[in-house]
Amino acid sequence: MSLVIDASIVVNVIIPQQLTDSAVLWMARPIAKLAPEFLRIEVANALWKSEAAGLLNTDQADRAWRNLDESGIRLVPDNDHLDRARSIARGLRHSIYDCLYLAVAEANEATLLTANRRLYRLAKDHGESVQVAWIEDQPY
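Okay, structure coming up:
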């Protein structure tokens, strides 16, 4: 079994908030974790926004960025999954960004883990080909 980790999970680990404890528990699980390369762009943007809002100072943001490479998340090439992500996005009428995580989960027969409520609901409706776990679900 493996998990596709979306940016909302990583952001909850990096920036203390309501769901941080749950995200940390999931990330501590000894299970294969993967994500599309696009995860790095989303996390970089979240760190920048957090710095701009004063939630993190520069040192904290830089440390979090370095720690991303040590998170154990295996990044897979976006291009390998873009065609499928486009197809899913059409069907769900949802962003390519989020559907890329669904496409990676589908291709790897993995469970998508998210703290994004809209993506969670859409993924639940996507069908049996993609399993999805909510951040507050019991880690298995």
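Numbering (our numbering), first residue to last: 369 to 508.
By construction, the Cβ of each residue, glycine as well, lies at the ideal position given by its N, Cα and C atoms.
Given this structure, state the Cα-to-Cα distance separating residue 377 from residue 452, to the nearest angstrom. Distance between the alpha carbons of residue 377 and residue 452: 23 Å.
Looking at C-beta atoms only, is the number of pairs between the stretch 476–483 and the stretch 374–392 that lie closer than 8 Å three or more? yes
Between which two residues does the alpha helix (DSSP H) containing residue 385 stretch? No alpha helix (DSSP H) contains residue 385, which DSSP labels as neither H nor E.
Looking at residue 415 and residue 394, is the spacing between their C-beta atoms short of 8 Å? no
What is the rounded straight-line gap between the Cα of residue 463 and the Cα of residue 470? In this model, residue 463 and residue 470 are separated by some 11 Å (Cα to Cα).
Please give me, in chain order, every unbroken run of the alpha helix (DSSP H) with length at least 4 that falls completely inside the stretch 472–502. 485–494
Delimiting residues of the beta strand (DSSP E) encompassing residue 418: Here residue 418 belongs to no beta strand (DSSP E); instead the alpha helix (DSSP H) covers 406–420.
Report yes if the CB atom of residue 460 is closer than 8 Å to the CB atom of residue 490, and no otherwise. yes
With a threshold of 16 other CB atoms inside 10 Å of the CB of residue 473, please say whether the residue is buried or exposed. buried
Let me confirm a value: residue 457 is counted as buried when at least 16 other C-beta atoms fall within 10 Å, else exposed. Which label applies? buried
Could you tell me which residues DSSP puts in a beta bridge with residue 372? 402 and 480
When you compare the CB positions of residue 402 and residue 442, do they come within less than 8 Å of one another, or not? yes
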